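Undergrad: Per our numbering, residue 45 is the first one in the sequence shown, and the count goes up by one each step. For every residue, glycine included, the Cβ atom is placed at its ideal position computed from N, Cα and C. What you are looking at is a predicted structure, and each value in this text was computed from that prediction instead of being measured. Sharing a structure below in structure tokens format, with a few things to ask.
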Amino acid sequence: MTPDTPANPLPASLDAFWMPFSANRQFKAAPRLLQAASGMFYTAVDGRQILDGTAGLWCCNAGHGREPIVRAVSEQIARLDYAPSFQLGHPLAFTLAQRLAALSPPGLEHVFFTNSGSEAVDTALKIALAYHHARGDAGRTRLIGREKAYHGVGFGGISVGGLVNNRKAFGPLLGGVDHLRHTLDIERNAFSRGLPPHGIELADDLERLCRLHDPSTIAAVIVEPVAGSAGVILPPQGYLQRLRDICDRHGIVLIFDEVITGFGRLGEAFAANRFDVRPDLITAAKGLSNGAIPRRGIGRPADTRNLHAGPGTSNRVFPWLYLFRSSGGLRGGAGGAGYLRGGRSVRQSP
Ligand SMILES: Cc1ncc(COP(=O)(O)O)c(C=O)c1O
């Protein structure tokens with residue numbers, strides 16, 4: 045906001061807006077309203093500067109009010125505010141997919157765009173199911189999540205998610221879902237530096253679920269490489285690779301939910317790059333558009349290229365990648381949404 049930009053007028057009442065994940069009564073009794081943002085700081089309506097320690101909701105990775113983003117979004121909305129992607133297209137959507145593929149772990153070939161991380165997660169689960177179905181392996185319908193996981197607010201995401209308060213009010217959720225044990229182990233790992241040394245064996249919980257359900261019934265496993273909403277839980281050393289190995293052994297699709305960890309959060313484009321473990325699908329969001337516009341996507345490998353899952357989205361400008369390219373890299377800041385399917389071939393069942 046420039047000094048002569050008028051502030052938004054305060055609303056006459058806060059009643060109508062039902063705020064998500066907020067204690068509405070308490071908030072409205074003592075509202076904390078923001079009116080502007082620049083760089084790392086918000087400005088509250090009373091003029092206080094507030095350090096934005098969480099980059100919005102983990103999404104403004106490149107900082108607030110970045111001029112190239114403001115310009116790109118403003119120019120694009122004036123030129124073409126919306127274009128359908130059903131049987132029509134906009135060149136920038138194709139360019140964006142290409143750039144995302146280039147940023148992703150080797151082998152990523154295709155990106156499918158959605159409008160939120162939650163939608164990206166539900167679509168990734170659908171792609172995994174449709175993949176097995178298309179290969180004649182339609183008995184693989186089970187989805188495995190993990191305790192303490194957050195995968196958004198769609199029915200798929202809360203089913204594979206592991207946060208009790210997000211699940212308890214919504215009935216039986218999706219059928220055929222099971223959960224790995226979480227990896228938070230304060231007793232053994234409290235003072236570790238870097239990745240926690242203890243807990244690789246927790247990945248073997250997937251073998252337990254394979255013994256319980258039979259691997260031939262399991263379609264996919266989804267994990268956050270670093271759990272975010274449950275409190276930033278790092279993966280134990282070797283844990284993600286062991287999950288990868290078990291999925292390979294049993295022909296299970298491995299999905300990394302990188303809605304938070306994507307776009308520079310860990311100093312690389314994706315946690316998959318950082319930990320050198322390649323999932324079959326990556327869901328990404330948030331930093332993809334630096335929070336400026338809804339934007340998520342899915343990438344997929346060549347062997348599922350005939351699959352089509354989920355709705356299309358509008359073709360809009362992609363400011364964060366522009367910023368990334370013009371500023372030369374991800375280290376020291378990053379920021380969209382969607383999911384990327386890793387280009388790795390999903391292995392055949394043994
Ligand atoms: C790991 C993870 N997955 C999915 C989501 C849902 O993304 P969205 O809020 O864009 O629907 C989030 C949101 O914080 C997330 O942290």
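1. Need the endpoints of the alpha helix (DSSP H) that TYR86 sits in, please.
2. Leaving out five residues before and five after ILE94 in sequence, what residues of the same chain have Cβ atoms less than 8 Å from its Cβ?
3. So TYR194 packs on SER273, CB below 8 Å; how close in whole Å?
4. To the nearest angstrom, how far is the alpha carbon of GLU191 from that of LEU278?
5. Throw me the rounded Cβ distance for the PHE199 and LEU217 pair, which I believe falls under 8 Å.
6. Whole angstroms is fine: what's the gap from ALA99's alpha carbon to ASN105's?
7. Using a threshold of 8 Å, is the CB atom of VAL197 nearer than that to any non-hydrogen atom of ligand 1?
8. Would you mind working out which of ASP125, GLY133, VAL165 and GLN120 sits nearest ALA329, comparing C-alpha positions?
9. On a CA-only basis, which of PRO259, CYS291 and ARG309 is nearest VAL267? Give me that one, please.
10. According to DSSP, simplified to helix, strand and coil, what is THR158?
11. I need the DSSP call for VAL208, collapsed to helix, strand or coil.
12. Between the C-alpha atoms of LEU351 and ARG92, what's the straight-line distance to the nearest angstrom?
13. Under the criterion of a Cβ to heavy atom distance below 8 Å, does ASP96 qualify as lining ligand 2?
14. Nearest to LYS72 by alpha carbon, out of ALA56, PRO259 and THR185?
TA: In this structure, then:
1. Note, TYR86: premise wrong, no alpha helix (DSSP H); beta strand (DSSP E) at 85–88.
2. LEU78, PHE85, TYR86, THR87 and ALA88
3. 4 Å
4. Going by C-alpha positions, GLU191 is about 14 Å away from LEU278.
5. 6 Å
6. Taking the straight line from one Cα to the other gives about 6 Å.
7. Flag set: Cβ of VAL197 near ligand 1.
8. VAL165
9. CYS291
10. strand
11. helix
12. Only weak support exists for where LEU351 lies, its pLDDT of 35 falling under 50; the value from the coordinates is given anyway. So the two alpha carbons sit approximately 51 Å from each other.
13. Looking at this structure, you won't find ligand 2 anywhere; what it does contain is ligand 1.
14. Across the set ALA56, PRO259 and THR185, the C-alpha of ALA56 shows the shortest separation from the C-alpha of LYS72.
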